[in-house]
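Here the sequence shown stands for residues 1 to 290, numbered as in UniProt numbering.
The C-beta atom is built at its ideal place from N, Cα and C for all residues, glycine as well.
Below is one structure, written out as structure tokens; the observations come after it.
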Amino acid sequence: MKIGFIGLGNMGGPMAANLARAGHDVAGFDLSAPMPDGVTKAASAAVAASRAEVVITMLPNGAILRSVADEVIPAMDQGGVLCDCSTVDVDSARAVAGKAAAAGLGSLDAPVSGGIGGAEAGTLTFMVGGSPASFAKVEPLFQIMGAKAVHCGDAGAGQSAKICNNMILGVTMIATCEAFALADRLGLDRGKMFDVVSTSSGSSWSMNTYCPAPGVGPKSPADNDYKPGFAAELMLKDLNLSQDAAESSGADTPMGRLARDLYATFVEREDGRGRDFSAMLPRFAAKNEG
Ligand code: NAD
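Here it is in structure tokens:
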């Protein structure tokens, strides 16, 4: 298949490389990132998109997606599908879908879970919004870049699923970190705490798979001095998206708001920038010492 791939950073680079390795004809464009192996460099986003049956974007935010879509949509042939895999606001996803439809194109919002490791290994999970026909066309590519693709509903449904998932993740990570810091104060061994909670009703992905305590549970960024992994500022980005969506849809999300405020403090006023989002544990522990 002829594919245009725009945004070849930490995530897009390995995703595009996996498509090229599987034998697809991939033309790539990025403002600064190098071309991955097997991907042909295009002179612009529009050139990467011209004659592509599917154009995939993996970009930092909704404003950039909207401007790239304005360049790409007129360059695509009728019947092509524009598939955005970035994490962006639901309104931008729906706006781009509307413009694509007006130009006779299909479109999908297909954000991912699984991080850079999942992008490299081709084990991402895609959460997808858009028409069944567009989903069917791009599904073989999701199978190359990922292990699972869930068709969640119409345009915007993929981004909705993503921000709800990550709101739960932010809240459970904070709860796990503050509980470890409380256990410290109570003199409870962290390993014993993990043994109990990981098999009890307090278990979660944050505890069981991505334990924020170094030397406890499976290997995680805590064992690598909290180098990301999933950076605290990316978690803050996603919690801002979920709060914006909560406000615009009238949903009451007090825990999501508190998690957003704590990550904002951590990233903007403390030492969270550039650290993994699980570094909330040393933050709480230091506060308890102070
Ligand atoms: P990144 O900053 O490494 O990559 C973004 C790329 O987009 C950069 O290479 C940049 O040069 C390029 N770019 C920016 N504006 C452009 C333009 N106008 N035209 C062409 N290229 C342009 O970011 P990333 O970590 O790859 O994340 C990409 C998206 O994936 C984000 O929306 C992020 O929230 C989401 N995401 C990231 C992770 C993760 O663990 N890194 C996990 C899940 C989802």
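Is it buried or exposed for residue i, if we count other Cβ within 10 angstroms and need 16 for buried?
i	result
Lys162	buried
Lys137	buried
Thr40	exposed
Pro74	exposed
Ala286	exposed
Val26	buried
Gly23	exposed
Asp30	buried
Pro111	buried
Arg269	exposed
Ala246	buried
Ser220	buried
Asn166	buried
Gly122	buried
Pro36	buried
Ala119	buried
Ala222	buried
Ala69	buried
Ser201	exposed
Ala20	buried
Going by C-alpha distance, which of the options is nearest residue i?
i	options	result
Asp91	Ala264, Ser242 and Gly274	Ser242
Phe266	Leu236, Ser160 and Ala251	Leu236
Ala97	Val112, Leu65 and Met15	Leu65
Asp77	Ala63, Ala46, Asn224 and Cys164	Ala46
Ala175	Leu19, Leu262 and Ile116	Leu262
Val88	Asp238, Met280, Glu289 and Glu247	Asp238
Phe180	Val171, Met193 and Val68	Met193
Ala259	Gly170, Leu182, Ser67 and Ile3	Gly170
Val197	Asp154, Lys219, Pro282 and Thr172	Thr172
Glu178	Asn165, Lys219 and Phe284	Phe284
Thr125	Met167, Ala264 and Cys85	Cys85
Gly130	Ala157, Ala251 and Asp244	Ala157
Met280	Tyr210, Val72, Val68 and Lys2	Tyr210
Tyr226	Pro218, Pro282 and Gly250	Pro282
Pro212	Thr199, Ala95 and Pro228	Pro228
Ala43	Pro60, Thr199, Gly117 and Val72	Val72
Leu127	Ala155, Glu289, Ala33 and Ala103	Going by the sequence as given, residue 127 is Met instead of Leu. Closest option to Met127, Cα to Cα, is Ala155.
Spell out the partners DSSP gives residue i in its beta bridges.
i	result
His151	Val128
Lys99	In the DSSP output, where bridge partners are listed per residue, Lys99 has none listed.
Phe5	Gly28 and Ile56
Val81	Val54 and Gly106
Val112	Phe126
Any heavy atom of ligand 3 closer than 6 Å to the beta-carbon of residue i?
i	result
Ser86	Ligands present in the displayed structure are limited to ligand 1, and ligand 3 is not among them.
### Message
Could you check whether the stretch 225–235 touches the stretch 274–289, counting it as contact only if at least three pairs of C-beta atoms, one from each stretch, sit closer than 8 Å?
### Response
yes
### Task
Evaluate contact between the stretch 97–110 and the stretch 125–141, counting only Cβ atoms and requiring at least three cross-stretch pairs below 8 Å.
yes
### Task
Note down, one range per segment and in chain order, each alpha helix (DSSP H) of at least 4 residues found wholly within the stretch 136–217.
157–185, 190–197 and 205–208
### Message
For the stretch 176–195 against the stretch 246–261, do three or more pairs of beta-carbon atoms, one drawn from each stretch, fall closer than 8 Å, so that the two count as touching?
### Response
no
### Task
Would you check if there are 3 or more beta carbon pairs closer than 8 Å linking the stretch 39–59 to the stretch 80–91?
yes
### Query
Quick check: the stretch 41–52 against the stretch 197–205, are there 3 or more CB pairs under 8 Å?
no
### Query
Do the stretch 141–155 and the stretch 15–28 meet, that is, are 3 or more Cβ pairs less than 8 Å apart?
yes
#### Entry: 3-residue-minimum beta strand (DSSP E) runs that sit fully inside the stretch 12–78, ordered along the chain
25–29 and 54–57
### Message
Runs of 4 residues minimum, wholly inside the stretch 205–277: which ones carry the alpha helix (DSSP H) assignment?
### Response
205–208, 232–249 and 254–268
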